[in-house]
Amino acid sequence: MKRIVSVLLILIMTFTMFSTFVSADVEVVEQAEEYEFWAPSPYLTTSVGQEEFRIQKAMDMGKLLMYPLPELGNNYFFAIAELQLSNNGKNGRTNLSILYCYLLLATDDSYIILDFCSPWSDYSWNAGANIDNVSDITVEPSKGSRLMYIIKPNAKYEVSGWDDYNDYMFITEEKRMIIVSEDDSKNQGGWPVIHNGKPYWANEWYYNGSGTYRYYSNGIEATILKEMYFSGKNTEYGSSVGPATTDVNVGNGYTSYKTVTVDTPVISAYKIPGSDNLYFRFTNYPIYDEAGTVITYYDDIEILENDRGNFTTVKTYSFDTNSRYQTGNTITQLAGVNVNKYREEGLSAPVVDVGKKYIITNTGQVAMVELNGSTHLNWNYALYNGKLVVIRCQNGNTYVYESTSYGTVYKQMLNYVNISSKDKFVVSEDIILDQVSNGNEGQDGYYYNASRFQACSSFKTMSLSSPKEWSGRFIDNVFDNGRKVECYWSYVGNYSEMWYTITDTDGRVVAKGPTGYTVDSTKAEKDCFCIAVGNSKFIAGVKDLQTPAAKEYYRASVVKETGDGNVVSSVAIGNKVLTPPADTDTVPVQDVIDFGKDNLPIGYNIKDNVIGTNKLDSNVREKINAIRLNDIVIIKNTETASGTQNTGTTLEAFEEYDSTIGDAAVSVYTNGQNFCWYCSDISGLNTGTYNRYYTVGDKVIYVTYKIVDAPDNKGVTTVVF
Numbered sequence: 046m047k048r049i050v051s052v053l054l055i056l057i058m059t060f061t062m063f064s065t066f067v068s069a070d071v072e073v074v075e076q077a078e079e080y081e082f083w084a085p086s087p088y089l090t091t092s093v094g095q096e097e098f099r100i101q102k103a104m105d106m107g108k109l110l111m112y113p114l115p116e117l118g119n120n121y122f123f124a125i126a127e128l129q130l131s132n133n134g135k136n137g138r139t140n141l142s143i144l145y146c147y148l149l150l151a152t153d154d155s156y157i158i159l160d161f162c163s164p165w166s167d168y169s170w171n172a173g174a175n176i177d178n179v180s181d182i183t184v185e186p187s188k189g190s191r192l193m194y195i196i197k198p199n200a201k202y203e204v205s206g207w208d209d210y211n212d213y214m215f216i217t218e219e220k221r222m223i224i225v226s227e228d229d230s231k232n233q234g235g236w237p238v239i240h241n242g243k244p245y246w247a248n249e250w251y252y253n254g255s256g257t258y259r260y261y262s263n264g265i266e267a268t269i270l271k272e273m274y275f276s277g278k279n280t281e282y283g284s285s286v287g288p289a290t291t292d293v294n295v296g297n298g299y300t301s302y303k304t305v306t307v308d309t310p311v312i313s314a315y316k317i318p319g320s321d322n323l324y325f326r327f328t329n330y331p332i333y334d335e336a337g338t339v340i341t342y343y344d345d346i347e348i349l350e351n352d353r354g355n356f357t358t359v360k361t362y363s364f365d366t367n368s369r370y371q372t373g374n375t376i377t378q379l380a381g382v383n384v385n386k387y388r389e390e391g392l393s394a395p396v397v398d399v400g401k402k403y404i405i406t407n408t409g410q411v412a413m414v415e416l417n418g419s420t421h422l423n424w425n426y427a428l429y430n431g432k433l434v435v436i437r438c439q440n441g442n443t444y445v446y447e448s449t450s451y452g453t454v455y456k457q458m459l460n461y462v463n464i465s466s467k468d469k470f471v472v473s474e475d476i477i478l479d480q481v482s483n484g485n486e487g488q489d490g491y492y493y494n495a496s497r498f499q500a501c502s503s504f505k506t507m508s509l510s511s512p513k514e515w516s517g518r519f520i521d522n523v524f525d526n527g528r529k530v531e532c533y534w535s536y537v538g539n540y541s542e543m544w545y546t547i548t549d550t551d552g553r554v555v556a557k558g559p560t561g562y563t564v565d566s567t568k569a570e571k572d573c574f575c576i577a578v579g580n581s582k583f584i585a586g587v588k589d590l591q592t593p594a595a596k597e598y599y600r601a602s603v604v605k606e607t608g609d610g611n612v613v614s615s616v617a618i619g620n621k622v623l624t625p626p627a628d629t630d631t632v633p634v635q636d637v638i639d640f641g642k643d644n645l646p647i648g649y650n651i652k653d654n655v656i657g658t659n660k661l662d663s664n665v666r667e668k669i670n671a672i673r674l675n676d677i678v679i680i681k682n683t684e685t686a687s688g689t690q691n692t693g694t695t696l697e698a699f700e701e702y703d704s705t706i707g708d709a710a711v712s713v714y715t716n717g718q719n720f721c722w723y724c725s726d727i728s729g730l731n732t733g734t735y736n737r738y739y740t741v742g743d744k745v746i747y748v749t750y751k752i753v754d755a756p757d758n759k760g761v762t763t764v765v766f
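Quick note: the sequence shown, position 251, residue 296 per this note's numbering, numbers continuous.
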């Protein structure tokens, strides 16, 4: 009987366990994991082109210099992406830079490249550029566009017979950038001059094949001046005049850019920690007397409010250093300060120290450090319970201690620091603590014996904020919905292959694979760089300004893997509106196609032919005879513009000039499966929306052009799709 009962118990337990396993299997099926399938694109099909990609890489590397151009408008910038080479200089010289220069228009989320150029010469590291606003001294020319800025890169990397070019960039009122790079190997390159409001190109020497010779006029050394006219990307020269070289000087109204340059400061500032949009600049500058002797140096701290790269001065604090000598000042972030504790007391939190002379708070207050010299002769900053303190172990030169029955106990003296509403440096009463080897509870920064101080571990030296941090226009590797893409090198034998990983918002890997970017392992020293576009595209490349190669991937589908190993796609087919423009005589089979239905007209049955069991029928796309392209948006701030869209199907050769959008023509043509367009006179197009269609073989391509006026200095342009 006992044996029968035991068998029954075993059967019951086995059945119970089996039921549990079945339930678990069912649960796994219901909580199926989602995964993504990504496919490579044969082209960079997003609006992020090679130069945009280079700008983003330069911002990420901290090698993008940006200069505001207020005469063009609040959102216009001149930018330099600086490729720094440490060991490629001629004759072993180092610190060489190759410059990529851009004229940019800032948009809400990125930059539009209005123009691009690269000087012929190379330059030294971190030298920047001389930018002179000449808008007030130039006049409206008889032809072409008025000159607004002259730009000359600094510190040419001069090596005889190698970098002998004079490089100048000219920015015009029509928002174009023209570069003039003249060969100066024989000292005949020349330079720009402005006289009577007109720009000229000046030369004192010429080369005739056998040697270099000076210009003369009536037996006197002369400077040959040719008036410059700027039209679009072109430079034209007028007839020559040859004043005596001795007359070409400032006294006679000549402004020469051979010797005279005016620096426009690069946008640079420190972010104030704990603030939303406050920054500061620190300047140490001299005041001179009439004899040109330094009287004293002043320290200026300028508090700035940042609106997406447009800085407005909130307040400037000026302090007399009472010194005739310039001094350096280390700028330290007082990291670790608990901002909330100060906020609860109705105070601003001290978050930045400038040379132990000034304190800046998270709300932009600035106060000079003022302490009693008789007690605080030697002191340091530290944190105590999350608040800033000044700390010392001496009163003047006398160590603070207490004699006890156990011996001498040395003390450390702390004073809490805050800034009053009137920008005054305020300290609390002394807080007395023993000196102990690891500090007292709550201390970060302490004296562990007489004259021995352990610095605060939280504090750190600050660096100038890069455009990536203050512009708000940096495209990172995070998708719109919070998912993330990361790229890395995977080593295979003698080669390195760039791989990608897509992670969900919870960190779960949802996709992983190779990008197809493979190099020799010895060349895989550059970091990988990738940017996410929307939710379903990313671009990957190497974090190297000299390497333009990039791979683009797009998310083809999302699938669910069930517990039993089956995969179910979650791709929705959905509807597509096929209505052509009203001014065409083409009648579609039906206005709206629901691709999820059966019995669709030939060419539309992608449900069975594309995503059904046959997966992909290469003939289906060839049978679709109506192609709707994305809108083509043309901004009227350039002379020429062009673009390409991939139609996804084979097209016959086609080319025509469409002159129905104003006084200018748009050239349209096909290239395999690409629809291409080009316009050489954007100003001749009329602002508005134009629906067009082109018959290419047995295909009808529907296009909507949107011609948009460029934004003015005060606003933005809105395009409705």
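The C-beta atom is built at its ideal place from N, Cα and C for all residues, glycine as well. Computed from a prediction, not measured in an experiment: that's the story for all the values here.
Going by CA-CA distance only, name the one from the options that's closest to residue i.
i, options, result
"I377", "F325, N385, H421", "Checking the sequence shown, residue 377 turns out to be Thr, not Ile. Out of F325, N385, H421, F325 has the C-alpha closest to the C-alpha of T377."
"S320", "P395, E335, M413", "P395"
"D229", "R221, Y343, D212", "D212"
"D475", "K201, E390, H421, G517", "H421"
To the nearest angstrom, how far is the alpha carbon of residue i from that of residue j?
i, j, result
"N374", "T268", "47 angstroms"
"N654", "T692", "Only weak support exists for where N654 lies, its pLDDT of 44 falling under 50; the value from the coordinates is given anyway. Going from the Cα of N654 to the Cα of T692 covers about 19 angstroms."
"N120", "E606", "48 angstroms"
"N580", "S465", "48 angstroms"
"Y302", "I746", "52 angstroms"
"K596", "F699", "29 angstroms"
"E512", "L114", "Going by the sequence as given, residue 512 is Pro instead of Glu. The straight-line gap from Cα to Cα measures roughly 15 angstroms."
"E818", "A174", "It is not possible to answer for residue 818, since the shown part of the chain is limited to 46 through 766."
"S68", "N611", "Because the pLDDT at S68 is just 36, under 50, the model does not fix this residue reliably, and the value given afterwards should be weighed accordingly. Taking the straight line joining both Cα atoms gives about 18 angstroms."
"Y33", "L270", "A query on residue 33 cannot be resolved here, the shown segment of the chain reaching from 46 to 766 and no further."
"P593", "V435", "52 angstroms"
"S187", "I520", "43 angstroms"
"I176", "E335", "29 angstroms"
Would residue i be called buried (16 or more neighbouring beta carbons within 10 Å of its own) or exposed?
i, result
"S190", "buried"
"N407", "buried"
"P398", "Here the sequence assigns Asp to residue 398, which means Pro is not the residue at that position. Its Cβ being crowded by 16 or more others within 10 Å, D398 is buried."
"I55", "Residue placement at I55 cannot be trusted, given a pLDDT of 34 that sits under 50; what the coordinates show is reported in the next sentence. Exposed is the call here."
"V295", "exposed"
"V454", "exposed"
"K386", "exposed"
"S541", "buried"
"K432", "buried"
"Q410", "buried"
"N460", "buried"
"N351", "buried"
Can you list, in chain order, the residues of its chain whose CB lies under 7 angstroms from that of residue i, leaving out five sequence neighbours each side?
i, result
"Y299", "V238, H240, V293"
"I706", "L730, N731, Y735, Y750, I752"
"T102", "Residue 102 is actually Lys in this sequence, not Thr. Within the same chain, K102 has close Cβ partners F574, K588, L590."
"N423", "R437, Q439"
"S368", "T341, Y342"
"Y536", "S566"
Starting from residue i, trace the alpha helix (DSSP H) in both directions and tell me its first and last residue.
i, result
"K402", "Per DSSP, K402 belongs to no alpha helix (DSSP H) and is neither H nor E."
"Y98", "For the sequence presented, residue 98 should be read as Phe rather than Tyr. It spans 95-106 - the alpha helix (DSSP H) in which F98 sits, taken as one unbroken run."
"V384", "384-389"
So, at 6 angstroms on beta carbons, what are the nonlocal neighbours of residue i in its own chain, with the 5 sequence-adjacent residues on each side left out?
i, result
"S262", "G287"
"M111", "F122, A124, I312, P512"
"S276", "G189"
"E75", "Only weak support is given to the placement of E75: the predicted model assigns it a pLDDT of 45, under 50, and the question is left unresolved by the model."
"F583", "V530, C575, A577, Y598"
"C721", "T689, Y714"
"Y147", "A124, I158, F161"
"S419", "G441"
Can you list, in chain order, the residues of its chain whose CB lies under 8 angstroms from that of residue i, leaving out five sequence neighbours each side?
i, result
"P756", "G118, N120, L150, T762"
"D572", "V587, K588"
"P310", "Y112"
"R99", "A126, Y145, L590, P593"
What do you reckon, is the C-beta of residue i under 7 angstroms from a heavy atom of the ligand FAD?
i, result
"R353", "For the ligand FAD, the structure offers nothing, since it holds no ligand at all."
Note the first and the last residue of the continuous beta strand (DSSP E) segment covering residue i.
i, result
"P512", "P512 -> not in any beta strand (DSSP E); alpha helix (DSSP H) instead, spanning 512-515."
"P237", "236-240"
"K751", "744-754"
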